[in-house]
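Below is one structure; the comments refer to it alone.
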Amino acid sequence: MKEIALFISILFQLSILSSAESNDFSIDLIHIDSPLSPFYNSSLTQSDILINAAFNSISRAESFPLNTDVNSDQTITIPNRGSYLMPFYIGTVPRGSLAIVDTGSDLLWIQCLPCTNCYNQRLPIYDPRKSYTHHLIPCGSDSCRKVSKNSCGIAGECKYVVGYGDKSITRGTVATDIISFNNSHDGHIIEYPNTIFGCGYNNTGVFQPQGAGIFGLGGGPLSFISQHGAKFGKRKFSYCLLPFYYVQGSSKLKFGVDTQTNRRGVVTTAMVSLYPSTFYYLTLEAVSVNGRMLRPDERTVGNIIIDSGTTTTFLKTSWYKKVEAAVVEAIGHQSVALSKLNTFLTVNTFTCFAIFPTQKTSIIGNLLQVFFNIEYDLDKRTVSFAKANCLKE
Ligand SMILES: *[C@@H]1O[C@H](CO)[C@@H](O)[C@H](O)[C@H]1NC(C)=O
Ligand SMILES: *[C@@H]1O[C@H](CO)[C@@H](O)[C@H](O)[C@H]1NC(C)=O
Ligand SMILES: *[C@@H]1O[C@H](CO)[C@@H](O)[C@H](O)[C@H]1NC(C)=O
């Protein structure tokens, strides 16, 4: 499978795009495996990284809920691995921190001292006792009720539990403090006082030492975008992701900016409201392989989740089989819409198809998203895609 030139494209249900002006606020993300990462392990080869990323994606995909029935009593499992780290500061005297950017979860949480059980973390663990802007949230409050699996602590404080598919769990208190960012546009620090976040004192299972926690950008009421969207004019964010081996520049994450206005070929699709509100469900009508339209057997409305944290893409098994058969048949043919970068992983002398079958929810992984500018508009409830040179964003 060497010279693969394929025309694979994905066809969303379309809706209409319109836009307006707003503030600028941009963050340089760090890929966890990039040579630019402060924790880069130079003894890992690119193949090791790709193999790890693929396996991590599979465990993450298996952690998504099997169905989306509002009445089902199952645990809402959120993804447990991610790829892009978000730099931010926390506290009265700002401490630098890094957390995994995750559009598949809501609550921002980081490990906190004094730990009952903390995983090995490379950066110093945050000590809320040293921040006088750190305040606990009472367990009867509205904010506390928005936390899934909230409970009351002995002092009446709000407690949270977030469980993951691989049995990793974080437990702690829900608090507020100043979260700030270094705007990569002008180097100015932007502060968000009273940001609700989780102080994780008991974090067990498999978490990555490069991150202090998880930065939730999901659609639920406590995600950073839901909490602060009004402050930057609109509840809107976008990212342009580079693959990890690009060392020339950084992937960008922007808040409150209209990023698609002057682009060509912008495709906009509606977010579909399904349970839980955390996930960005989209409608993927078909995958086209060299012009052959491959449609899912099941309902299409809200049939796929777009997720920044899963590396590879997953399609329901029956749909995957059709796509795979068409790809196998088409190998040796011409032309590209999704580039090879988006759909294949090259490991040593092997090239693997970076789309996998799943019995659970179909997911658009981050590999499929690289070199696209992707904008999430929570007010209009749309997600839009445009090909972009993410090095120049
Ligand atoms: C780097 O990767 C090697 C090979 O997998 C591993 O043995 C080593 O423990 C890693 N080092 C760190 C600091 O993670
Ligand atoms: C913000 O980022 C710029 C560019 O990386 C850096 O030079 C500057 O020192 C940072 N500012 C603060 C306050 O950390
Ligand atoms: C820490 O969390 C684990 C797993 O959720 C739980 O079994 C254990 O009881 C917790 N420990 C404390 C002291 O709360």
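Heads up, the sequence shown is in numbering that gives the first Met the number 0, so the first residue is 0 and it goes up one at a time. Beta carbons: idealized from backbone N, C-alpha and C, even for Gly. As the structure is a computational prediction, the values presented were derived from the model and not from experiment.
Problem - Backbone CA spacing between T132 and V288 [nearest angstrom] - result: 54 angstroms
Exercise for the section: Following the continuous beta strand (DSSP E) through Q110, name the residue where it begins and the one where it ends. Expected result: 108-110
Problem - Under the three-state DSSP convention, the category T299 falls into - result: Here T299 sits in coil by DSSP.
Problem - C-alpha distance - F384 paired with I178, whole-angstrom precision - result: Going from the Cα of F384 to the Cα of I178 covers about 29 angstroms.
Handout entry: Buried or exposed by the 16-neighbour rule on C-beta atoms within 10 Å, applied to K253
Key = buried
Problem - N- and C-terminal bounds of the alpha helix (DSSP H) containing E323 - result: 316-329
Problem - Proximity of F38 and N182 at Cβ, strictly below 7 angstroms - result: no
Problem - Three or more C-beta pairs below 8 angstroms linking the region 210-222 and the region 356-366 - result: no
Practice task
Would you be able to state if there are at least three C-beta pairs under 8 angstroms between the region 300-307 and the region 279-287?
Solution key: yes
Exercise for the section: Report the rounded CA-to-CA distance for S249 versus D176, giving the unit in angstroms. Expected result: 27 angstroms
Practice task
Below 6 angstroms CB to CB, which residues in the same chain sit around H227 once its five sequence neighbours on both sides are set aside?
Solution key: Y191
Practice task
Please check the pair T309 and G219, which I expect to be a contact at CB under 8 angstroms, by giving their CB distance rounded to whole angstroms.
Solution key: At roughly 18 angstroms, the Cβ-Cβ gap does not stay under 8 angstroms, so T309 and G219 are not in contact.
Practice task
Would you give the residue range spanned by the alpha helix (DSSP H) that H227 belongs to?
Solution key: 223-227
Exercise for the section: Measure the alpha-carbon distance for V321 versus I26 and round it to whole angstroms. Expected result: What sits at residue 321 in the sequence shown is Lys, not Val. Their Cα atoms are separated by approximately 39 angstroms.
Exercise for the section: Given a cut-off of 7 angstroms, decide if G171 and S130 are closer than it, judged by their beta-carbon atoms. Expected result: no
Handout entry: The beta strand (DSSP E) enclosing S96, as first and last residue numbers
Key = 94-101
Problem - Counted within 10 angstroms of its Cβ, other Cβ atoms place S150 as buried (16 or more) or exposed - result: Burial call: exposed.
Exercise for the section: State yes or no: is the C-beta of T203 nearer than 6 angstroms to some heavy atom of ligand 3? Expected result: yes
Exercise for the section: Whole angstroms is fine: what's the gap from I77's alpha carbon to C117's? Expected result: With a pLDDT of only 34 at I77, under 50, the local geometry of the prediction cannot be trusted, and no value is derived from it.
Exercise for the section: Within the same chain, show all residues whose beta-carbon is closer than 7 angstroms to that of R291, passing over the 5 residues directly before and after it, in chain order. Expected result: A325
Practice task
Rounded to whole angstroms, what's the CA-CA distance from G95 to S334? Just pull it up for me.
Solution key: 45 angstroms
Handout entry: Validate contact between the region 232-240 and the region 152-160 using beta carbons, cut 8 angstroms, 3 pairs
Key = Taking one beta carbon from each stretch, the region 232-240 and the region 152-160 have fewer than 3 pairs nearer than 8 angstroms; the two do not touch.
Practice task
Name the two residues that bound the continuous alpha helix (DSSP H) containing L367.
Solution key: 365-368
Handout entry: beta strand (DSSP E) runs wholly inside the region 172-216, at least 3 long, in chain order
Key = 188-203, 212-215
Handout entry: Minimum C-alpha distance to P93 - residue among I188, N119, W318, K158
Key = I188
Problem - Best match in Y125, R121, T102, V100 for proximity to L112 [C-alpha to C-alpha] - result: Y125
Problem - Within 7 angstroms, strictly: CB atoms of S104 and G217 - result: yes
Handout entry: 8 angstroms CB neighbourhood of D376 in its chain, flanking five on each side removed
Key = K233, R234, K235, V382, S383
Problem - Euclidean distance between Cα positions of I31 and L367 - result: 17 angstroms
Practice task
Leaving out five residues on either side along the sequence, give the residues of the same chain with a beta carbon under 7 angstroms from the beta carbon of P295.
Solution key: N302, K315, W318
Exercise for the section: Indicate, with yes or no, if ligand 3 has a heavy atom lying under 6 angstroms from the CB of T169. Expected result: Result no, Cβ not under 6 angstroms from ligand 3.
Exercise for the section: Please state whether DSSP places K235 in a helix, a strand or coil. Expected result: strand
Handout entry: With 16 other Cβ atoms within 10 Å as the buried cut-off, status of V256
Key = Buried is the call here.
Problem - The beta strand (DSSP E) enclosing C157, as first and last residue numbers - result: 157-162
Practice task
Please report how far the alpha carbon of P123 lies from the alpha carbon of N202, in whole angstroms.
Solution key: 15 angstroms
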